[in-house]
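The block underneath contains the structure these notes are about, expressed in structure tokens.
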Ligand code: IMP
Ligand code: MG
């Protein structure tokens, strides 16, 4: 997709809304409550995986009441298309020692599972007090490595999706809902 696409070309690719803004908002309130009851007043460090999880992180961190710090890592496995390359690269790492923290990884979507499988291994080796994974979306049909999140807000079928932080070639992250991307038009 090039940067000179028209508004019509841009809009035509949004095939249908899969998850509305209201459904996302409701699921995030529930996830925030679950985090609060699980950590029961203990401080946590939310680690969001850029770029896709930035919108989810912004909403989730405001839905929790336990003391909370935030940090970001950037991992890349897609290089401008809709198919994973299978190569996970950490392009921005955490700046802090995590050994004193209950860490919660905040991810946008688990697809093949490779990204989180690698990130979890890397962070576990740094000996956090605990490590759990929350993902907005889970696409289990596409798994190539055996990876299960501790909590998924929505489980979706095998569609390429956009919106609410998720992109196709860097576009569509700003949509307030999750939509199916039209691969055919
Ligand atoms: P995995 O390593 O295959 O699990 O893929 C993880 C990353 O690929 C996610 O964090 C997303 O950034 C990206 N990704 C996977 N599926 C989709 C999708 O349907 N739409 C947009 N990005 C996706
Ligand atoms: Mg991601």
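Residue numbers (the working numbering): 446 to 630.
Glycine is no exception: its CB is placed at the ideal position from the N, C-alpha and C atoms.
No experiment lies behind these values; they were computed from the predicted model shown.
Separation of residue j from residue i, as counted between CA atoms
i, j, result
"residue 540", "residue 488", "18 Å"
"residue 573", "residue 615", "32 Å"
"residue 455", "residue 546", "42 Å"
"residue 625", "residue 459", "6 Å"
"residue 501", "residue 582", "10 Å"
"residue 588", "residue 627", "22 Å"
"residue 644", "residue 584", "With the chain running from 446 to 630 in the structure shown, residue 644 is simply not present."
"residue 453", "residue 629", "15 Å"
"residue 472", "residue 503", "14 Å"
"residue 566", "residue 586", "22 Å"
"residue 457", "residue 450", "11 Å"
Pick from the options that is closest to residue i, judged by C-alpha positions
i, options, result
"residue 537", "519, 548, 549", "519"
"residue 622", "562, 630, 553", "553"
"residue 617", "497, 472, 551", "497"
"residue 568", "586, 557, 580, 544", "544"
"residue 579", "477, 609, 448", "477"
"residue 516", "450, 493, 533", "493"
"residue 507", "474, 483, 486, 533", "474"
"residue 611", "563, 564, 521", "521"
"residue 594", "452, 448, 557", "557"
"residue 564", "532, 486, 586, 585", "532"
"residue 483", "575, 562, 585, 630", "575"
"residue 448", "613, 562, 630", "613"
CB contact flag (residue i, residue j, <8 Å)
i, j, result
"residue 592", "residue 555", "yes"
"residue 598", "residue 607", "no"
"residue 549", "residue 571", "no"
"residue 559", "residue 511", "no"
"residue 514", "residue 479", "no"
"residue 505", "residue 551", "yes"
"residue 542", "residue 509", "no"
"residue 469", "residue 609", "yes"
Residue i: CB within 7 Å of a non-hydrogen atom of ligand 4
i, result
"residue 522", "In the structure on display, ligand 4 does not appear, and the ligands it does have are ligand 1 and ligand 2."
If you pair each beta-carbon of the segment 457 to 468 with each one of the segment 593 to 612, do three or more pairs fall below 8 Å? The segment 457 to 468, when compared against the segment 593 to 612, does touch it at the 8 Å Cβ threshold.
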